[in-house]
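A short worksheet on the structure shown next.
4 protein chains.
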Amino acid sequence: VTKEWLRVAVIGAGAMGTIHARHLASSVPGARLAAIADVDASRAAALAEECEASRIETDAGAIFADPSIEAVVVASPPNTHGALIERAAAAGKHVFCEKPVDSDPDMTDRALAAASRAGIKLQIGFNRRFDPTFRAVHSAIEAGRLGRPLLLHLFSRDPRPTAVSSTRAIAGLFLDMTIHDFDMARFLMQSEVTQVYALAGTMMENCGEPDTAIVTLRFTSGAIATIDNAHTAYGYDQRVEVFGTDGCIATENEQPDRARLVHADGRIDALPLYFFGERYLASYLAELRAFVHCIQNDGEPAVTGQDGRAAAKVAAAAQRSYETGQPVRMSEIG
Amino acid sequence: VTKEWLRVAVIGAGAMGTIHARHLASSVPGARLAAIADVDASRAAALAEECEASRIETDAGAIFADPSIEAVVVASPPNTHGALIERAAAAGKHVFCEKPVDSDPDMTDRALAAASRAGIKLQIGFNRRFDPTFRAVHSAIEAGRLGRPLLLHLFSRDPRPTAVSSTRAIAGLFLDMTIHDFDMARFLMQSEVTQVYALAGTMMENCGEPDTAIVTLRFTSGAIATIDNAHTAYGYDQRVEVFGTDGCIATENEQPDRARLVHADGRIDALPLYFFGERYLASYLAELRAFVHCIQNDGEPAVTGQDGRAAAKVAAAAQRSYETGQPVRMSEIG
Amino acid sequence: VTKEWLRVAVIGAGAMGTIHARHLASSVPGARLAAIADVDASRAAALAEECEASRIETDAGAIFADPSIEAVVVASPPNTHGALIERAAAAGKHVFCEKPVDSDPDMTDRALAAASRAGIKLQIGFNRRFDPTFRAVHSAIEAGRLGRPLLLHLFSRDPRPTAVSSTRAIAGLFLDMTIHDFDMARFLMQSEVTQVYALAGTMMENCGEPDTAIVTLRFTSGAIATIDNAHTAYGYDQRVEVFGTDGCIATENEQPDRARLVHADGRIDALPLYFFGERYLASYLAELRAFVHCIQNDGEPAVTGQDGRAAAKVAAAAQRSYETGQPVRMSEIG
Amino acid sequence: VTKEWLRVAVIGAGAMGTIHARHLASSVPGARLAAIADVDASRAAALAEECEASRIETDAGAIFADPSIEAVVVASPPNTHGALIERAAAAGKHVFCEKPVDSDPDMTDRALAAASRAGIKLQIGFNRRFDPTFRAVHSAIEAGRLGRPLLLHLFSRDPRPTAVSSTRAIAGLFLDMTIHDFDMARFLMQSEVTQVYALAGTMMENCGEPDTAIVTLRFTSGAIATIDNAHTAYGYDQRVEVFGTDGCIATENEQPDRARLVHADGRIDALPLYFFGERYLASYLAELRAFVHCIQNDGEPAVTGQDGRAAAKVAAAAQRSYETGQPVRMSEIG
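Below is the structure:
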């Protein structure tokens, strides 16, 4: 008997595409990295060489046309996602798509509809659901250890960049960064957001957009959440606290080591793992494995297109609240 | 040479009056506990016996009439504070008053005006400013270790009571409990609140009032704060996190011991100190010492009547926001 | 009815005498500070003034001759303890004695015999048994949470002094400093030491004596302990770890606050409480209260003269092991 | 240009061979898994299938005879290591050998001599040197952050097994388990052991051998170390503390997640990663990468045969000390 490999192509050879290609190259059981596509041929070639991928493309069309390729990872700019999902759906390819589904709400709806009609699997890259620490929080809630969840606090801070990233420039703070927290809030509270209130400001220089924000959410269940987004001088700061009728669960950042120095000036231990490539590496691998597993077992994706759309709608409400200075009901958002 | 003792009377022999009387009995250098007054004579007598106080009164009038008594601690119900301050001021006694200044805003204004006219010292019982951990946070901010403070999170949760306390019944959640956090927010951020948004709900049974809340504050400086108030199944939970341009400072609860057990079911350490009487005992002593010190050295009280009024106004804004569902500007509050 | 106060005199107005006198002055229910004796009259006078004690003596004889004084705290140099206990016993006064019982083994035996004959209460100042954290460890062991205790590690490090203390000069490392750990080892393991092995060295300059040591103990139960004594650049370091068949319990140092700063250079929190006066203050008060309580209730002292003698014998064995380089059986010690 | 892969065979398909084979299969740049040998053909075949290795052998001879294979990983029982190193050396293959070099001291000497004569690279599997947390401790010492290291404590406890492992049965506690700590002690203190004192006992049932031990080491530098070996009810417990003239560094165990639950019964967080396969996985990969790197760059192995011999000699001294009850000088060991 011969094994049947799922052949997967990666579209977009940027930061996220690189992470996914590396994982497909060696660490996802049952899958093979079939090709890498990027509009920049040299970028595609460099990644292909590193990952021992035999094929590169500068246009995704050749990928969609290849019947031996069954699935694609979409890691191109956020304003290209929806169209790529539509084309993949038309070609019958399963899609793992980085968040957001698309930076445009209408395109998001079209993409979801196309995926649904075609019956392909569509999984969205809310990787934090696969992080061991967030997973432990989710499990504790599921197991009823907190009783009824009442309050949630998400701390989600990036290292301060030297320049605004291209995805941020396209999607803005709420749809590019906070969207992970909107998804995590839905995932942990298992309730839908009914109302959003966003306060934000600009801390980094040369950035017209807000980069620091507190977003408050109200849920159908009556629970309340706050999200703290900022850009730090000390690295990635990714924590959560959930308070319920029976207890509270809170997390610490992962650290590169667990050594603690005590000397005359104080007690010092390691800073958090520096950024998403360090902190969330295991979760990126786990989400791809889950994607491949759901294709091979014809299961439901762990993170659906509807999850992607729901989080994006909360982001839109946050944007409107920031602009109007008023709380926004989710029913007001298209 | 003989020492001159500051003779201090305690008005109100409830939980807070008891704490203050004990401290005055033995631990406040330069001060002596002169008398205890309570409308309930047996309660006054029991406390007087414990503290070896030689005099009890059921009416504060006798206290105010006694020229040998120079200062009073007001620890009676919150709707009696203002009138007592007025009477103390009229009698030229210095006043240490438990929060709030009064449960009525107009009475608060009258009391402050009376104290000012009389030239007495008036210190409000925002004891948390004297807690070593909150003090360490304040010092770090003062020393510039965080750069410019941008975000503040206060976690201020009481143990779940079996019944609603009498002060809560009079003052409500925001003026009875959150008022400490409003003061702490002003103290740490050193900026005035400009806008308040409050979400709240009821978790405890048999309580018409909200008992769980998230209050969001905006400051003149542009900084943003959230306050988390709840009633827990695991004791007193009193923490803060301040994020600034250069770093972040966060606190842990104080614990009765620092032993940690590891066995087959997990790694377990001690719950927080159970309630205010345990956690904040040192701060109650420190605030009284500061009060006596400011009288003896004719200094400015560490927590002024204006601090008391400012926090109460934020509480009023929070109440209005809770009732209207809208953010409230401080300029809208009388 | 009038209360009957136990009148207690303090002999020795040094560091430990000062701590005990302050506690007797205001914080030990049922007791009163009756007098302070010190060969240095000005030292006695200064402490008496601070504690509002009405009487000072330069010779303990006057204390022993006063029938109104029922108990004494012996906090003089360690080579004077035994004789003072003998004199106190002869006068029928109860004795709280700082460790060691005496720096001379024969004098120790004589003192214990005298106390026993006279039927006085004799409590030795092994205060760490009253520290909340060590007490929590003891309770966990008592409650069987570790199963059978197998291994014990004591970390007992002082801040590095600028000069060798007078008690150290008289008693040496093992009888002055490690004696606390020998007592704690017996207290926690509830088994007697059968064999001692000591390795030591000199780290501090200008000190002929060893100041850094690892002492290994074997117990009747088969359990094994290590004791780590050193002098640090970062303050008092007082921790314990006990490992048993079912689990392990380990402690952290107490800290002056629980704030933690994260900035670009690392995550920093507070150093341990600086020295015994800060870390063990509550335990010094608790041991005196226990002493007074045992007198008033005719109970057994919480720490007996035999406890004092047993720890001193282990210290003697450690000294011999250090000198010979060989393990020493307790049966070899007088 | 074609890449030149270093072809590596794994000898022994047990627990450690499996870990190494998996790493060679996909995660060691520049290396390829060429073959798997085990006396048990079905065990070899199962591992080969998992790792997509194309060749299995039941006799290592075929491996040594294959000129395309340049290096071997020796992960067979400890009493076969030395002979396999000799054969590999004779065939000019580089060797990565699990600890100990051999369970027999003479065979150890012969193997080292053979490797030296043949000029092959020989690296010993003291993987803990590559663990991020131990590495951070080593770096802090190297950087002088502790000043002069004076005291070292190693805690090295395995989960309690249901049966004694085959390697333990062959090598005994000190040569099978403590040997990692002897190497770590030499690595961190950068000084040679001069004297060893071992106390041990039996905690696990049905085990003639000691399974719980405290070993005390003295170093040329004057420093002192203790090693704590035991078998726990709560998983793998791997920590270190180093105390020096300027400070102290101590480590915590790695945990599967960083979530902490607080409820009415206490504050609970995750147990340590369960055993070596979880805790030290990254270090096993790093040591293999270092091995391949040193071959490709003709460098010195990070852990030499002499390191292996030195740790084994300390183990022999510990065994003698345990048997005689006396401290043993390293000069007494062959």
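Residue numbers (this note's numbering), protein chains in the order written: chain A, 1340 to 1673; chain B, 1340 to 1673; chain C, 1340 to 1673; chain D, 1340 to 1673. The beta-carbon is built from N, C-alpha and C at its ideal position, and this holds for glycine as well. Nothing here was measured: the structure is a model prediction, and the numbers come from that model.
Asked, Found
"Sort out for me which residues DSSP pairs C:Y1536 with in a bridge.", "C:T1555"
"Between A:I1311 and A:A1427, how many whole angstroms is the CB-CB distance? I'm expecting something under 8 Å.", "Since the first and last residues shown for chain A are 1340 and 1673, residue 1311 of chain A lies out of range."
"What's the call for D:A1429, buried or exposed, on a 16-neighbour Cβ count within 10 Å?", "exposed"
"Starting from D:P1406 and walking both ways along the beta strand (DSSP E), at which residues does that stretch end?", "No beta strand (DSSP E) contains D:P1406, which DSSP labels as neither H nor E."
"At 4 residues or longer, and completely inside the stretch 1350 to 1413 of chain C: list those alpha helix (DSSP H) runs for me, N to C.", "1354 to 1365, 1380 to 1389 and 1399 to 1404"
"Going by DSSP, what residue range makes up the beta strand (DSSP E) through B:G1586?", "G1586 to T1590"
"What alpha helix (DSSP H) runs, 4 residues minimum, are completely inside the stretch 1454 to 1512 of chain C?", "1471 to 1481 and 1505 to 1512"
"Under 8 Å, CB to CB, which of the residues in the stretch 1464 to 1483 of chain B have a partner in chain C?", "P1471, T1472, R1474, A1475, V1476 and A1479"
"Check whether the Cβ of B:L1451 lies closer than 8 Å to any Cβ atom in chain C.", "no"
"What residues of chain B sit near D:V1579, judged by a beta carbon separation below 9 Å?", "Neighbours of D:V1579 on chain B: none; closest Cβ ~17 Å, over 9 Å."
"With a CB to CB cut of under 6 Å and the five nearest residues on each side skipped, what residues in its chain are close to D:A1629?", "A1641"
"Taking Cβ positions, are A:Y1575 and A:F1614 nearer each other than 8 Å?", "yes"
"Any residues in the stretch 1592 to 1615 of chain B with a beta carbon nearer than 8 Å to a beta carbon of chain C? Which ones, in chain order?", "N1592, E1593, P1595, D1596, R1597, A1598, R1599, L1600, V1601, H1602, A1603 and A1609"
"Any residues in the stretch 1539 to 1573 of chain A with a beta carbon nearer than 7 Å to a beta carbon of chain C? Which ones, in chain order?", "A1572 and Y1573"
"Between C:D1522 and D:N1592, what straight-line distance do the alpha-carbon atoms span, to the nearest angstrom?", "30 Å"
"In chain order, what residues of the same chain have a beta carbon less than 8 Å from the beta carbon of A:E1639, not counting five sequence neighbours either side?", "C1633"
"Work out the CA separation of B:A1422 and B:T1541 for me, nearest whole Å.", "32 Å"
"Tell me where the beta strand (DSSP E) around B:A1569 begins and ends.", "I1563 to T1571"
"Please state whether the Cβ-Cβ distance between D:R1449 and D:E1481 is less than 8 Å.", "no"
"Inspect the beta-carbon positions of C:D1377 and C:A1383 and report whether they are closer than 8 Å.", "yes"
"Does any CB atom of chain B fall closer than 8 Å to the CB of A:F1582?", "yes"
"Counting only Cβ pairs nearer than 8 Å, list the residues of chain D close to C:H1492.", "H1492, T1565 and D1567"
"Can you check whether the C-beta of C:G1673 is within less than 8 Å of a C-beta belonging to chain D?", "no"
"Would you say D:G1586 lies against chain E (beta-carbon separation less than 8 Å)?", "Of the protein chains in this structure, namely A, B, C and D, none is chain E."
"Taking DSSP's pairing of strands, which residues face A:A1598 in a bridge?", "D:T1590"
"Within the continuous alpha helix (DSSP H) that includes B:I1518, where are the two ends?", "I1518 to M1528"
"Is it buried or exposed, B:A1621, if we count other Cβ atoms within 10 angstroms and call 16 or more buried?", "exposed"
"Only counting the same chain, and skipping five residues up and downstream in sequence, which positions put a Cβ closer than 6 Å to that of B:M1355?", "A1414 and E1437"
"Taking just the CA atoms, how far does B:R1468 sit from B:A1649?", "15 Å"
"Return helix, strand or coil for C:L1514, following the three-state DSSP convention.", "helix"
"With the cut-off set at 8 Å, would you say D:V1440 and D:A1651 are in Cβ contact?", "yes"
"Of the residues C:E1548, C:Y1536, C:L1485 and C:T1501, which one's Cα is nearest the Cα of C:A1508?", "C:E1548"
"Roughly how many whole angstroms lie between the Cα atoms of C:P1488 and A:Q1635?", "52 Å"
"Go ahead and label A:G1583 buried or exposed: buried means 16 or more other beta carbons lie within 10 angstroms of its beta carbon, across all protein chains shown.", "buried"
"Would you please state the rounded distance, in angstroms, between the beta carbons of A:A1410 and A:A1392? I believe it to be under 8 Å.", "Actually they are not in contact, since the Cβ atoms of A:A1410 and A:A1392 sit about 15 Å apart, beyond 8 Å."
"Would you check if the distance between the CB atom of D:T1472 and the CB atom of A:A1598 is smaller than 8 Å?", "yes"
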